[in-house]
Every structure is written in structure tokens, then in C-alpha cells.
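Each residue of the sequence shown is one higher than the one before, starting from 1 at the first, in the UniProt record's numbering. Here the structure comes first, spelled out in C-alpha cells, and everything after it is commentary.
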Amino acid sequence: MSWSEKLELARSTKRIIGTSNDIEKPYLRLTNAPDPATVRPEHVLHLTLKHLLQVASKEEEKERAAAAAAAAAAAGGAAGGGGTPPYNPSKYSSSSSAAGAAGAAGGAVAAGGGGERQRIWLYLDEQFRSLRQDLTVQHIQNIFSCKVYEHNARLALQFGDLGQFNQCQAQLKYLYAKVPLPIPHTPKVEFLCYRLVYLALQGMRLELLRLYRQFIPLFFLSSSF
């Protein structure tokens with residue numbers, strides 16, 4: 001579901017309260033208000049997010065072990081320290097990591113080595129879409145919804161899916177303007193940096209200058225970030 005479709009759905013339907021207890025749920029494009037029995041309430045969505053982050057972390061641990069074993073074999077049994085580190089949200093907690101994370105994202109899927117990594121991302125992508133859809137139809141806009149989009153955006157970068165990253169960061173821009181946030185809210189600065197890097201990589205100079213002029217003075221002069 002695109003951002004415009006989600007916004008239209010949110011505007012055109014009354015808020016529902018889901019009753020489903022399913023942790024996993026396939027993503028289906030909506031054309032009208034869903035049955036509450038198929039929608040997960042917020043406390044279940046917390047469990048869904050926890051499950052998805054565990055799946056991502058386990059997959060990256062497997063990749064790390066496989067890469068280390070391959071490096072050791074190539075070195076004739078010497079220990080290898082390569083590989084992709086496990087998914088760790090805290091490593092994205094400072095704005096200084098933004099450029100490196102976004103710069104590495106473009107080749108992440110190709111470097112990940114094949115179908116298993118792609119299969120995991122297809123699963124995570126579908127489940128995050130379904131999670132976000134349940135947030136949208138229930139009009140849930142709070143700190144938790146910010147966390148969902150933040151984690152989804154970070155994983156999209158890690159797996160090299162700039163399309164999903166862009167959808168998530170566009171929604172985060174809306175949520176950050178609407179949801180009361182703790183001060184400071186470090187991810188807000190983090191995603192501003194991602195946005196700046198994304199615009200630079202896409203060659204969107206006018207939008208980059210507009211964003212820079214709008215936010216950089218606030219970043220240095222205000223504690224609202």
C-alpha cells in the first residue's frame with residue numbers, strides 16, 4: 001500500500017479496533033474497511049514487531065557465521081572475522097552512522113549472497129507492510145508507530161530496498177510532526193540525516209537545499225530534536 005493509498009484509506013474509513021491475535025499475517029491490499037477480526041490490536045502488533053526483529057537478527061547471525069567459516073576455509077583454517085553484523089538498532093542511534101549505512105545499502109542484497117537473503121527480506125517486507133496496514137486502519141499514531149517505521153526503514157536500508165526505505169521515511173516525516181515525542185528523540189535526527197543522504201544520492205539538489213535550510217538551523221539552535 002503506497003503512502004497516498006494509506007492516507008486515503010485513513011481519511012475515508014472510521015477507526016476500527018482489531019481483535020485478531022495472529023502474530024504473522026499476509027499483506028493484502030485493501031479496497032474498503034477491513035473486518036476487525038482480521039486486524040491485530042496494538043498489543044498484538046508489539047509482539048509482531050518483536051518477532052520480526054528476532055527473525056532479522058537470527059538471519060544476520062547466520063550470515064555472519066557463514067561468512068566467518070568461508071573466510072577461515074579460504075585462509076586454510078585461519079580464523080576469519082568477516083561477515084555482516086547482526087541487526088542491531090542501537091548501531092543506528094547516532095547521526096554519524098547515517099552516511100555509512102545509506103552508502104552501503106545499494107549493494108547489500110547483492111553482497112548478501114543469494115536467494116536465502118532475498119527470501120528473508122521478502123518475508124520481512126510483507127510482514128512489515130501488514131503491520132503498517134493494521135496501524136493505519138486503526139489510526140494508531142504514537143511512539144510505537146514511529147518505532148515500527150524506524151525499524152522498517154533501517155532494515156530496508158540493510159537489505160538494499162530504497163523504495164521501502166523512502167516510503168517509511170516519508171511516513172516518519174508525517175509522524176514526527178504529529179506525534180508528541182520525548183526530547184531529545186535521537187531517531188528524529190538519525191532519519192533527518194538519512195533523508196539528507198538519500199536526497200544527495202538521488203541527485204535531488206533543490207529538495208536537499210530546501211531540507212537543509214529548513215532543519216539545519218533548528219538542529220543547532222533548538223533542543224526540540
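From the three backbone atoms N, C-alpha and C, an ideal C-beta is built for every residue, glycine too.
(request) Determine, using beta carbons only, whether Y198 and Q171 come nearer to each other than 9 Å. (result) no
(message) Short of 7 Å in beta carbon distance, which residues of its chain neighbour V148, apart from the five on each side in sequence? Order them along the chain.
(response) L49, L131, R132, L135
(request) Please name the residue in V44, R195, A70 whose C-alpha comes closest to that of K173. (result) R195
(request) Using the Cα positions of E24 and A73, report the straight-line distance between them to the nearest angstrom. (result) Looking at the backbone, the Cα of E24 and that of A73 are separated by about 38 Å.
(request) Pick out whichever of L28, A33, R29, N21 has its Cα sitting closest to the Cα of H139. (result) A33
(message) Taking the straight line between their C-alpha atoms, what separation do you get for L192 and N142?
(response) Those two C-alpha atoms are separated by around 19 Å.
(request) Using the Cα positions of F70 and K62, report the straight-line distance between them to the nearest angstrom. (result) The sequence as given places Ala at residue 70; Phe does not occur at that position. Computed Cα separation, rounded: 12 Å.
(request) Excluding the 5 residues preceding and the 5 following R210 in the sequence, name in chain order all residues of the same chain whose CB lies nearer than 7 Å to its CB. (result) none
(request) Would you please state the rounded distance, in angstroms, between the beta carbons of F128 and L47? I believe it to be under 8 Å. (result) Rounded, the Cβ-Cβ distance is 14 Å, inconsistent with contact.
(message) By the three-class DSSP mapping on this structure, what secondary structure does G160 have?
(response) coil
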